[in-house]
Amino acid sequence: MEGTSGESETQRKKELTVNVPVPEEKPFTLWPGKYHSPVTAALWHASSSFAQRARNVSMDSPAQITLQSKTPEENRTSVVYKFSSDTSLREEYRNPWNLFRIGKLLEDLDALAGTIAVKHCSDSDHTTRPLLLVTASVDKISTKKRLRVDVDLELAGSVTWVGRSSMEIRMEVIQPVRELREKDDVALIANFTFVARDWRTQKAAPVNHLVPQTEEEKQLFAMGAARDAHRKKLRMGNQLSSTSPFAKEYNDRLTQILREGRVLCEMPALGDRNSILMRDTRLENAIICQPQQRNIHGRGRGGFCSAEILCAVHGNRERRATTHPRGSYSPCHPTGTEV
0 MEGTSGESET QRKKELTVNV PVPEEKPFTL WPGKYHSPVT AALWHASSSF AQRARNVSMD
60 SPAQITLQSK TPEENRTSVV YKFSSDTSLR EEYRNPWNLF RIGKLLEDLD ALAGTIAVKH
120 CSDSDHTTRP LLLVTASVDK ISTKKRLRVD VDLELAGSVT WVGRSSMEIR MEVIQPVREL
180 REKDDVALIA NFTFVARDWR TQKAAPVNHL VPQTEEEKQL FAMGAARDAH RKKLRMGNQL
240 SSTSPFAKEY NDRLTQILRE GRVLCEMPAL GDRNSILMRD TRLENAIICQ PQQRNIHGRG
300 RGGFCSAEIL CAVHGNRERR ATTHPRGSYS PCHPTGTEV
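Heads up, the sequence shown is in our numbering, so the first residue is 0 and it goes up one at a time.
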C-alpha cells in the first residue's frame with residue numbers, strides 16, 4: 000500500500016510539473032503572467048518561445064519579408080477553466096453577487112487573442128525581428144447567456160480575417176464544456192482587432208496571409224472584411240451619408256436631443272425628468288499601469304485596459320443608467336509602461 004501511495008504521489012507531482020510550469024525555470028522578464036490568473040500564466044508559458052526570440056534578436060536584424068499562408072486551424076487555441084473542481088480559481092472570477100467577473104474574463108480573452116495573433120504572425124526564420132502586435136479595438140461583444148462561475152468554461156479563438164497589417168480574431172466563450180459541442184453552448188462572442196507594427200520603425204508591417212478552408216471560415220472572413228470597411232468609413236467621418244435611408248431619421252432624432260439638452264441647460268426646472276445632460280454622466284479615474292501589467296513586448300497589456308474600461312462603464316451604469324453597456328471601444332494610442 001505504501002508503494003502504491005508513493006507511486007501515485009510521484010505521478011501527481013509529475014503532472015503538476017507538466018501542467019503548471021515553475022516560474023523559476025524561466026527568466027523573470029518572461030513571467031509577468033504569474034501576477035494574474037493561472038490561465039493567463041499558461042498563455043504566457045505558451046508564448047515564452049516568441050518572447051525569448053524577441054529578446055535574442057537585435058534591432059538591426061532584418062524584418063520579416065517572406066509572408067506565409069496559414070489556415071485558421073493552424074492558430075486555433077483554446078483554454079479550459081476547471082471551475083467545478085478548482086475552488087481557488089472559481090473565487091478569482093466571482094464578483095460580490097456570486098456572478099461572473101466579465102472584466103477579468105475580457106482580460107483573459109485579450110491575452111488569448113494576443114497569443115493567437117503571435118502564432119499567426121510568426122515565421123520559421125529566427126534571424127528576423129518579430130512584429131510588434133497591438134490591440135487596436137474590441138467590438139461586437141455578443142452575450143448569448145449568463146455565465147456561471149460554478150461550471151467549467153472554455154475560451155477558444157482563431158484568426159478569421161487578415162488585411163495588410165491588421166487581423167481580426169474571433170473569440171468564443173463556451174459553457175458548459177463537453178466533447179460534442181452544441182450551438183447553445185456558446186455563451187459569448189467577441190471580435191478583437193490587432194495591428195502589426197515594425198519593431199524598429201514603428202510603421203505598419205504586413206502580416207501572414209489567411210486561407211479559409213471551410214464554408215464557415217469563408218463566411219467569417221467575409222464578415223471581417225465588411226467590418227474593416229465599416230471601420231475605415233467611420234475613420235473618414237462618413238458615419239452616415241446624406242443619401243442613407245436613415246439620414247432623415249438620424250438628423251430628426253439628433254435635433255430633438257439637442258432641443259432637450261438646451262432646455263436642461265437654460266431652464267432645468269422645465270426639462271424632462273427622464274433626461275440628463277451628457278456632461279453630468281462623466282466619470283473619471285486615474286490608473287497606474289504597473290510593470291507587472293506588461294506584455295511580451297514590454298508594453299501595457301490591452302486586456303488590462305479592457306478590464307479597467309469595463310469596470311468604469313459598469314460603475315457609471317450603476318450610477319446613472321438602467322441598462323447594460325452597449326457598443327465598442329477603441330484605444331486612441333497603444334499602451335505602454337512608460338506613459
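Each residue gets a CB set at the ideal place from its N, CA and C atoms; glycine is no exception.
No experiment lies behind these values; they were computed from the predicted model shown.
Checklist entry - With distances taken between CB atoms, is the gap from Trp160 to Asp109 smaller than 8 Å? => result Not a contact, by the Cβ cut-off of 8 Å.
Next on the checklist: Once the 5 residues before and after Ser274 are set aside, which same chain residues still bring their CB inside 6 Å of it?
Outcome noted: Once the five neighbours on either side are set aside, the close Cβ partners of Ser274 are Glu259.
Next on the checklist: Between Glu307, Ala195, Lys217 and His229, which has its C-alpha nearest Leu104's C-alpha?
Outcome noted: Ranking the options by Cα distance to Leu104, first place goes to Glu307.
Checklist entry - Can you tell which of Cys304, Arg281, Pro290 and Gln289 has the C-alpha that lies nearest to the C-alpha of Phe314? => result Looking at the sequence shown, residue 314 is not Phe but Gly. Checking every option, the nearest Cα to that of Gly314 belongs to Arg281.
Checklist entry - Taking Arg75 as the reference, which of His119, Asn94 and Leu130 has the closest Cα? => result Among His119, Asn94 and Leu130, the Cα nearest to that of Arg75 belongs to His119.
Next on the checklist: Pop quiz: Leu154 and Ser77 are said to be a contact at Cβ under 8 Å. What is the actual Cβ separation, rounded to whole angstroms?
Outcome noted: By a beta-carbon distance limit of 8 Å, Leu154 contacts Ser77. Their separation comes to about 6 Å.
Checklist entry - With 16 other CB atoms within 10 Å as the buried threshold, where does Val79 fall? => result By the 10 Å Cβ count, Val79 comes out exposed.
Checklist entry - Of the residues Asp197, Ile168, Trp198 and His208, which one's Cα is nearest the Cα of Ala189? => result A check of alpha carbon separations from Ala189 across Asp197, Ile168, Trp198 and His208 identifies Ile168 as the nearest.
Item to check | Boundaries (first-last residue) of the beta strand (DSSP E) holding Lys139 | outcome: It spans Leu131 to Thr142 - the beta strand (DSSP E) in which Lys139 sits, taken as one unbroken run.
Checklist entry - From this set, Trp198, Val172 and Glu178, which residue's C-alpha is nearest Leu187's C-alpha? => result Per the C-alpha coordinates, the member of Trp198, Val172 and Glu178 positioned closest to Leu187 is Val172.
Next on the checklist: Quick check on Tyr80: does DSSP put it in helix, strand or coil?
Outcome noted: Strand at Tyr80.
Checklist entry - Would you call the CB atoms of Asp184 and Gln174 closer than 8 Å? => result It is a contact, given that the beta carbons lie within the stated cut-off.
Item to check | Residues that Asn190 bridges to, as DSSP identifies them | outcome: For Asn190, the beta-bridge partners assigned by DSSP are Asp138 and Arg169.
Checklist entry - DSSP beta-bridge partners for Trp160? => result Beta-bridge pairing links Trp160 to Glu167.
Next on the checklist: For Gln218, report the span of its alpha helix (DSSP H) as first-last.
Outcome noted: Element bounds for Gln218: Glu214 to Arg234.
Item to check | Endpoints, alpha helix (DSSP H) assigned at Leu257 | outcome: Counting along the chain, the unbroken alpha helix (DSSP H) around Leu257 starts and ends at Ala246 to Glu265.
Item to check | Backbone secondary structure at Lys103 - three-state DSSP | outcome: Collapsing the DSSP output to three states places Lys103 in a helix.
Item to check | the stretch 200-210 in contact with the stretch 140-151 per 3-pair CB rule at 8 Å | outcome: Of all C-beta pairs linking the stretch 200-210 to the stretch 140-151, fewer than three are shorter than 8 Å, placing the two stretches out of contact.
Item to check | Proximity winner among Lys247, Ala62 and Val148, relative to Lys81 (alpha-carbon distances) | outcome: Taking each of Lys247, Ala62 and Val148 in turn and checking the Cα distance to Lys81, the smallest one comes out for Val148.
Item to check | Cβ shell of Gly162 (< 7 Å), same chain only, five flanking positions each side left out | outcome: Taken in chain order, the residues that qualify are Asp227.
Item to check | Nearest residue (CA-CA) to Asp151, options Thr86, Ile64 and Ala135 | outcome: Looking at Thr86, Ile64 and Ala135, the one whose alpha-carbon comes closest to that of Asp151 is Thr86.
Next on the checklist: Could you pull the DSSP bridge partners for Val185 from this structure?
Outcome noted: Ile173, per the DSSP bridge assignment.
Checklist entry - Do Ala135 and Ser165 have their CB atoms nearer than 8 Å? => result Contact: yes.
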